[in-house]
Amino acid sequence: MLYLIFFFLELILLYFLAKRLTALIYRFFLRLTKNKNIASYLLAIVFLPGTFVHEASHILAALFLLVPFGEVEFLPQVQEDGIKLGSVGIAKVDPVRRFLIGVAPFIVGALLILGGLYYLSQNNLSLNPYYMLITGYLIFAIGNTMFTSKKDLEGALELFILVAIIFGLGYLLEIRLPILDERIVLSKELIMAFKTSDLFLIIPLTIDSLIVIIFKFLKL
Numbered sequence: 039m040l041y042l043i044f045f046f047l048e049l050i051l052l053y054f055l056a057k058r059l060t061a062l063i064y065r066f067f068l069r070l071t072k073n074k075n076i077a078s079y080l081l082a083i084v085f086l087p088g089t090f091v092h093e094a095s096h097i098l099a100a101l102f103l104l105v106p107f108g109e110v111e112f113l114p115q116v117q118e119d120g121i122k123l124g125s126v127g128i129a130k131v132d133p134v135r136r137f138l139i140g141v142a143p144f145i146v147g148a149l150l151i152l153g154g155l156y157y158l159s160q161n162n163l164s165l166n167p168y169y170m171l172i173t174g175y176l177i178f179a180i181g182n183t184m185f186t187s188k189k190d191l192e193g194a195l196e197l198f199i200l201v202a203i204i205f206g207l208g209y210l211l212e213i214r215l216p217i218l219d220e221r222i223v224l225s226k227e228l229i230m231a232f233k234t235s236d237l238f239l240i241i242p243l244t245i246d247s248l249i250v251i252i253f254k255f256l257k258l
């Protein structure tokens, strides 16, 4: 199970690196322009592909789950807990669908990064410097915007309580749930997918780490 632990540790590290990196870039633009609005817009431009994927994921999930959505906003907003690069108005709905819509950007972003890297590795496109440059930027933009915000996680607590109750009842009634079947959870295909993901996640971690080091070294 070490590969699974490593997978989640990489995601946690990437999350904190993304928060740190976004703050560093915003602070750099703020020092450069001396204007919060201009700095916010420059930050939004840097992460525009990732912001588009993030908000589009919310919209697609809402459409799939038959949940009405409202205005889509791509203009950045400076908040106490960070910079909000975009938003989608989602109608009030049950906790399960609200949670699924909230985590959609993380799922889609992770799949795009891992799927894209796998495609490049299988087609030798990683040898092309132009593909490497474009891929590196997209990984940077998507990887640093795919994580969910506090608002995206509305309904998570209710959902986790519901899931805990279901698993608790299943345990008490000795009902074996398919998700706990070792033949499914520990299948060779799933193990290989996680191990491959462990390797590919090193790339966005390396990109973010190098940029943070450069910012720190140059005192930007």
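Residues in the sequence shown are numbered from 39 upward in steps of one, following our numbering. Idealized CB from N, CA, C, for every residue including glycine. Quick caveat: nothing in here was measured; it's all calculated off a predicted structure.
Between Phe253 and Phe178, what straight-line distance do the alpha-carbon atoms span, to the nearest angstrom?
-> If I take the Cα positions, the gap works out to 15 Å.
Which same chain residues, not among the five before or five after Asp143, have their C-beta less than 6 Å away from its C-beta?
-> According to the sequence as given, residue 143 is Pro; it is not Asp. Answer for Pro143: His92, Ser95, Met184, listed in chain order.
Closest Cα partner of Leu62 within the set Met170, Val84, Glu48 = Val84
Measure the CB-CB distance between Pro106 and Ala82 and report whether it falls below 8 Å.
-> no
Does the Cβ-Cβ distance between Gly88 and Asn162 come in under 8 Å?
-> no
For Phe102, which of Arg136, Tyr79, Thr71 has the nearest alpha-carbon?
-> With distances taken between Cα atoms, Phe102 lies closest to Arg136.
Assuming Leu49 and Ser247 make a contact with CB atoms under 8 Å, what is their CB distance in whole Å?
-> The Cβ separation is near 15 Å, so there is no contact.
In terms of DSSP beta bridges, what is Phe107 paired with?
-> Ile128
Please report how far the alpha carbon of Ile204 lies from the alpha carbon of Ile76, in whole angstroms.
-> About 49 Å.
Cβ shell of Gly127 (< 7 Å), same chain only, five flanking positions each side left out = Closer than 7 Å at the Cβ level, and outside the excluded window around Gly127, lie Phe107, Gly108, Glu109.
Going by alpha carbons, who is nearest to Leu237 out of Leu228, Leu176, Tyr156?
-> Tyr156
Strand pairing of Glu257, partner residues [DSSP] | According to the sequence shown, residue 257 is Lys rather than Glu. Its beta-bridge partners do not exist; DSSP assigns none.
With C-beta atoms as the reference, is Ile139 less than 8 Å away from Ile180?
-> no
Helix, strand or coil for Lys72 per DSSP?
-> Three-state DSSP puts Lys72 in coil, outside helix and strand.
Return the CA-CA distance between Ser327 and Met170, expressed in angstroms with no decimal places.
-> A question about residue 327 goes unanswered here, because the residues of the chain that appear run from 39 up to 258.
Mind checking whether Arg58 and Val250 have CB atoms under 8 Å apart?
-> Taking C-beta atoms as the reference points, Arg58 and Val250 count as a pair closer than 8 Å.
Out of Phe232, Gly206, Gly174, point me to the one whose CA is closest to Ile43's CA.
-> The shortest C-alpha separation from Ile43 is found at Phe232.
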